[in-house]
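Enquirer: Taking our numbering, I'd label the letters of the sequence shown as residues 404 to 845. In this text, a Cβ means the ideal position worked out from N, Cα and C, and glycines have one as well. Quick one: structure below, then a few questions.
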Amino acid sequence: MRKSPSTRQQVTRLKRELEAARRISRALSRHYQVDELVQQALRTALDVVGAEAGSVLLYQPDSKQLVFRHVIGKKARQLTGLSIPYDQGIAGAVFTSGRPHVTGDVARTKRHLRRVDASTGYRTRDMITLPLKRWEGEPIGVLEVLNKRRGRLGRPDLDILMIISALAAAAIEQARLFEEAKLAEVVRLLGDIGHDVGTLLAPVTCGLGMMTNQLDEFFASLARDEAERAQPTRELCQQVISLLRDNSRRIQDRMKEIADCVKGLSAPPQFALCRVADVVGKVLDTLRVLADEKGIHLRTEGLDLLPSVMADERRLYTAFYNLVNNAIPEVPSGGTITVSGRQDRASKSVVLAVADTGRGMPPEVRNSLFTARAISRKPGGTGLGTKIVKDVVEAHGGEITVESKEGVGTTFTLRLPIEPLPQRIAGAGQRRKSGTRSRAIG
């Protein structure tokens, strides 16, 4: 027969629970950003139960994955950003059921995803997994606490962690709603700004047309020998006018996209055959003046040998523009930025690389790339450039990776299918209305 806990034991447990509630409430009250809240919740959980490692996985509805958003422990760097299917492993079972699970001996538990330990070299002995949710409501993620320093994790630890997870989930939800409210206001302001920019560009476009006519009349009035001497100047003027006209059109297109997004409309990619060499050439022509001012050489390798690909040329331009433009401030005078390409016949894709000889990136910057949390090192930068590039690549059914070494340089590698999936092309002719907002955190 199971013995009832003594009054002393009950008082001791109550004290621990009250202390846990006090500590988590104090920690969360000082932070308002989702990432900061997640970090503080996990750190408090580990301190209270005396565990050596832990992680918070947040659910991403668009990919149906649980993503390691914050990790504390020896293998934090390898795990952060890793994702697993939302319904696999102990974490998946806890997330889908909404019920916590105490695992006293992980080695005997079949549900444990051993490939995660194998990929990091970490050995999980015991663990507690809890749904990250308020007292009532759907889980927004999972809290994992691993390897108690003294003894094994058990029911008393679970009772304390349930308090921490509930308070943390409520704080994270509140922070997420606050961030969404701020984003809604930003979107509204962007709509107003987009309208103003479009209005301001109209006279620029008209002025370029008038300037073209005036220059044609002027050069036509020159004597033959004068016209020949002025030909280089005429060609330069034509190049500058063409550059201004093309980029004005691109700005107007982007402003229209912003206006459509404010209205809840999103345009899918418009696939057509295009030459990557031509797209990259336009990007380098636009940025060459900026690169020349800094003494940076812009180069291409192997692009003319690539086959034409089915792609949205405008979005592809945006991707390469962001990568090259982001690289320019990182490269010292005399350095190079090279856009290269090769065909991978086995996978029916083209592999494109944007490599620079810049200062490289520290781990915290590299690990934040391709996310809304990206860290920018440019004055006034938003850090969203690589996130935009990733969105473009994924819209084409491709992949993007990055390698960077401080003091050596950075290389972004894009792999794009020569022909995207049929369903992507079929959906390209349709304009769709946005639905409800995703519940993804961050």
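Along the chain, where does the alpha helix (DSSP H) that runs through D520 open and close?
Expert: First-last of the alpha helix (DSSP H) with D520: 517-523.
Enquirer: Please check the pair G763 and G698, which I expect to be a contact at CB under 8 Å, by giving their CB distance rounded to whole angstroms.
Expert: That pair is no contact at about 19 Å.
Enquirer: Beta strand (DSSP E) containing F471: first to last residue?
Expert: Start and end: 468-475.
Enquirer: Compare the Cα-Cα distances from L533 to each of Y525, G544, T523 and report the closest residue.
Expert: It is G544.
Enquirer: Starting from E797 and walking both ways along the alpha helix (DSSP H), at which residues does that stretch end?
Expert: 788-798 is the span of the alpha helix (DSSP H), which, as asked, contains E797.
Enquirer: Near R472, what residues of its chain come up, given a Cβ to Cβ distance below 6 Å and the 5 sequence neighbours on each side ignored?
Expert: Excluding positions up to five away in sequence, the list reads V441, V459, L461.
Enquirer: Is L687 helix, strand or coil when you go by DSSP?
Expert: DSSP places L687 in helix when its eight states are reduced to three.
Enquirer: Looking at the secondary structure, which residues open and close the beta strand (DSSP E) in which A758 lies?
Expert: Element bounds for A758: 752-759.
Enquirer: According to the neighbour-count rule (16 or more other Cβ atoms, all chains shown, within 10 Å of its Cβ), is L676 buried or exposed?
Expert: Exposed, by the Cβ-count rule.
Enquirer: Quick check: the Cα distance between D715 and D794, rounded to an integer number of angstroms?
Expert: Roughly 12 Å between the two C-alpha positions.
Enquirer: According to DSSP, is F773 part of a helix, a strand, or is it coil?
Expert: Here F773 sits in coil by DSSP.
Enquirer: Between the segment 646-656 and the segment 677-684, are three or more C-beta pairs nearer than 8 Å?
Expert: Touching, no.
Enquirer: Helix, strand or coil: which one does DSSP assign to I493?
Expert: If DSSP states are grouped into helix, strand and coil, I493 belongs with the helices.
Enquirer: Would you check if there are 3 or more beta carbon pairs closer than 8 Å linking the segment 501-508 to the segment 518-530?
Expert: The segment 501-508 vs the segment 518-530: in contact.
Enquirer: Got a sec? Which residues, its chain only, sit under 8 Å from G453 by beta carbon, not counting five neighbours each side?
Expert: Once the five neighbours on either side are set aside, the close Cβ partners of G453 are K551, R552, R553.
Enquirer: Is it right to say T636 is buried, meaning 16 or more other beta carbons lie within 10 angstroms of its own, or is it exposed?
Expert: With fewer than 16 other Cβ atoms within 10 Å, it is exposed.
Enquirer: Hey, how far is the Cα of K781 from the Cα of I531?
Expert: Annotation note: pLDDT 48 at K781 (below 50); position unreliable, no value reported.
Enquirer: Provide the residue(s) that pair with S458 in DSSP beta bridges, ordered along the chain.
Expert: Paired residues: V474, E547.
Enquirer: Under 8 Å by Cβ, that's how I've got H799 and P672 pegged, so tell me the actual separation to the nearest angstrom.
Expert: About 7 Å; that satisfies the 8 Å criterion.
Enquirer: Helix, strand or coil, according to DSSP, for D562 in the structure here?
Expert: Of the three classes helix, strand and coil, the one that applies to D562 here is helix, per DSSP.
Enquirer: What residues match up with Q463 in a beta bridge as DSSP calls it?
Expert: Q463 is bridged to Q468.
Enquirer: Bridge partners of L817, per DSSP?
Expert: Per DSSP, L755, I803.
Enquirer: Identify, in the order they occur along the chain, each residue of the same chain with its Cβ nearer than 6 Å to the Cβ of R808, setting aside the five sequence neighbours on each side.
Expert: First, the residue type needs correcting, since residue 808 is Lys and not Arg in the sequence shown. For K808, where only same-chain residues beyond five positions count, the Cβ hits under 6 Å are G763.
Enquirer: Check each candidate in D707, G801, P820, L549 and name the one with the smallest Cα separation from D520.
Expert: Nearest of D707, G801, P820, L549 to D520, Cα basis: L549.
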